[in-house]
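Engineer: From first to last, the protein sequence lines stand for chains A and B. The first sequence maps to residues 7 to 116 in the numbering used here. The second sequence maps to residues 328 to 441 in the numbering used here. Each residue gets a CB set at the ideal place from its N, CA and C atoms; glycine is no exception. Bear in mind that the values here come from a model prediction, so they are computed numbers and not experimental data.
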Amino acid sequence: RKEVEQDPGPFNVPEGATVAFNCTYSNSASQSFFWYRQDCRKEPKLLMSVYSSGNEDGRFTAQLNRASQYISLLIRDSKLSDSATYLCVVTRAAGNKLTFGGGTRVLVKP
Amino acid sequence: EPEVTQTPSHQVTQMGQEVILRCVPISNHLYFYWYRQILGQKVEFLVSFYNNEISEKSEIFDDQFSVERPDGSNFTLKIRSTKLEDSAMYFCASTAGQAGQPQHFGDGTRLSIL
Numbered sequence: 007r008k009e010v011e012q013d014p015g016p017f018n019v020p021e022g023a024t025v026a027f028n029c030t031y032s033n034s035a036s037q038s039f040f041w042y043r044q045d046c047r048k049e050p051k052l053l054m055s056v057y058s059s060g061n062e063d064g065r066f067t068a069q070l071n072r073a074s075q076y077i078s079l080l081i082r083d084s085k086l087s088d089s090a091t092y093l094c095v096v097t098r099a100a101g102n103k104l105t106f107g108g109g110t111r112v113l114v115k116p
Numbered sequence: 328e329p330e331v332t333q334t335p336s337h338q339v340t341q342m343g344q345e346v347i348l349r350c351v352p353i354s355n356h357l358y359f360y361w362y363r364q365i366l367g368q369k370v371e372f373l374v375s376f377y378n379n380e381i382s383e384k385s386e387i388f389d390d391q392f393s394v395e396r397p398d399g400s401n402f403t404l405k406i407r408s409t410k411l412e413d414s415a416m417y418f419c420a421s422t423a424g425q426a427g428q429p430q431h432f433g434d435g436t437r438l439s440i441l
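This is how it looks when you write it as structure tokens:
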């Protein structure tokens with residue numbers, strides 16, 4: 007089983023719509039969780055950290071379910087600039103390596 | 328906002344040659360990393376470095392690879408004898424290391440082995 011699994015997509019989303027997708031992780035010892043975004047042939051950039059109680063940053067909402075070992079990301083009012091690959095990332099502890107999922111590709115269309 | 332910088336942005340090298348990829352992490356960060364991403368694949372961990380020594384390495388990081396922090400600012404990845412399969416984007420990252428703090432990535436070096 008892969009350590010971090012994501013639906014590769016693509017998710018084709020009309021501009022202004024809402025899109026949501028999940029990832030699952032296998033290591034129950036994982037402690038910190040993040041969503042990064044990656045544009046084509048660019049570096050991963052932090053989108054948001056994911057907290058146990060769930061958290062929101064503008065149009066983005068992240069949820070964590072430790073019991074089921076999944077993380078979700080919801081994007082409201084999608085913009086064309088949201089088109090990217092969204093990477094689910096977990097780590098066991100502060101300073102430890104990041105483990106990446108394969109990414110979920112989102113295409114926002116006019 | 329401080330950022331991680333990497334040089335060169337693109338390196339083309341003949342198979343069997345040595346390459347050195349350079350990174351300048353964010354200045355108050357204590358943990359440094361190298362990751363790679365083969366085209367079309369996921370980002371993979373190579374090595375982490377803390378307190379002037381390797382703290383963890385993956386099975387990819389064999390004896391052809393080495394890292395060094397030669398001074399207070401640079402962090403380098405050396406590949407001694409490159410292979411075709413070393414062609415990838417190589418990303419350097421750093422973090423202060425407190426719980427929950429994310430790693431910040433440089434914009435990468437594209438390594439092409441001919």
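For GLN364 of chain B versus CYS350 of chain B, is the C-beta distance shorter than 7 angstroms?
Structural biologist: Mapped onto the second sequence, residue 364 of chain B falls at position 37. Mapped onto the second sequence, residue 350 of chain B falls at position 23. No; because the gap between Cβ atoms is not below 7 angstroms, this pair is not in contact.
Engineer: Where does ASP413 of chain B sit, in a helix, a strand or coil, going by DSSP?
Structural biologist: Numbered from 1 along the second sequence, position 86 holds the residue referred to as residue 413 of chain B. The answer is helix: DSSP assigns ASP413 of chain B an H, G or I state.
Engineer: Work out the CA separation of TYR377 of chain B and TRP361 of chain B for me, nearest whole Å.
Structural biologist: Mapped onto the second sequence, residue 361 of chain B falls at position 34. Mapped onto the second sequence, residue 377 of chain B falls at position 50. Their backbone Cα atoms lie some 12 angstroms apart in a straight line.
Engineer: Taking Cβ-Cβ distances shorter than 7 angstroms, what residues in chain B pair up with GLU49 of chain A?
Structural biologist: Translated into the one-based positions of the first sequence, residue 49 of chain A becomes position 43. Within 7 angstroms Cβ-Cβ: PHE418, PHE432, GLY433, ASP434, GLY435.
Engineer: Using alpha carbons as the reference points, say which of B:ILE387, B:LEU411, B:CYS419 lies closest to GLU395 of chain B.
Structural biologist: Your numbering for residue 395 of chain B matches position 68 in the second sequence. Of the candidates B:ILE387, B:LEU411, B:CYS419, the one whose C-alpha sits nearest the C-alpha of GLU395 of chain B is B:CYS419.
Engineer: Run through chain B and tell me which residues come within less than 7 angstroms of VAL106 of chain A, C-beta to C-beta.
Structural biologist: Taking the first residue of the first sequence as position 1, residue 106 of chain A is located at position 100. The amino acid at residue 106 of chain A is misidentified as Val; the sequence shows Phe. Per Cβ cutoff of 7 angstroms: LYS369, VAL370.
Engineer: Using beta-carbon positions only, say whether PRO352 of chain B and PHE402 of chain B come within less than 7 angstroms of one another.
Structural biologist: Numbered from its first residue, the second sequence carries residue 352 of chain B at position 25. Numbered from its first residue, the second sequence carries residue 402 of chain B at position 75. Yes, the pair counts as a contact, with Cβ atoms nearer than the cut-off.
Engineer: Roughly how many angstroms lie between the CA atoms of LYS384 of chain B and SER87 of chain A, to the nearest whole one?
Structural biologist: As a first step, residue 384 of chain B is located in the second sequence; it is residue number 57 there, counting from the start. As a first step, residue 87 of chain A is located in the first sequence; it is residue number 81 there, counting from the start. About 35 angstroms.
Engineer: What three-state label does DSSP hand LEU86 of chain A in the structure shown?
Structural biologist: Residue numbering aside, residue 86 of chain A sits at position 80 when the first sequence is read from its first letter. It is helical.
Engineer: Please report how far the alpha carbon of PHE66 of chain A lies from the alpha carbon of ASP390 of chain B, in whole angstroms.
Structural biologist: Locating residue 66 of chain A in the first sequence gives position 60, where the first residue counts as 1. Locating residue 390 of chain B in the second sequence gives position 63, where the first residue counts as 1. Distance between the alpha carbons of PHE66 of chain A and ASP390 of chain B: 42 angstroms.
Engineer: Give the straight-line distance between the Cα atoms of ALA26 of chain A and ILE81 of chain A, rounded to the nearest whole angstrom.
Structural biologist: Here residue 26 of chain A refers to the residue found at position 20 when the first sequence is read from its first residue. Here residue 81 of chain A refers to the residue found at position 75 when the first sequence is read from its first residue. Straight-line Cα distance between these residues: approximately 6 angstroms.
Engineer: Comparing the CB of GLY427 of chain B with every heavy atom of the ligand FMN, is any distance shorter than 6 angstroms?
Structural biologist: No copy of the ligand FMN appears in this structure; indeed no ligand is present at all.
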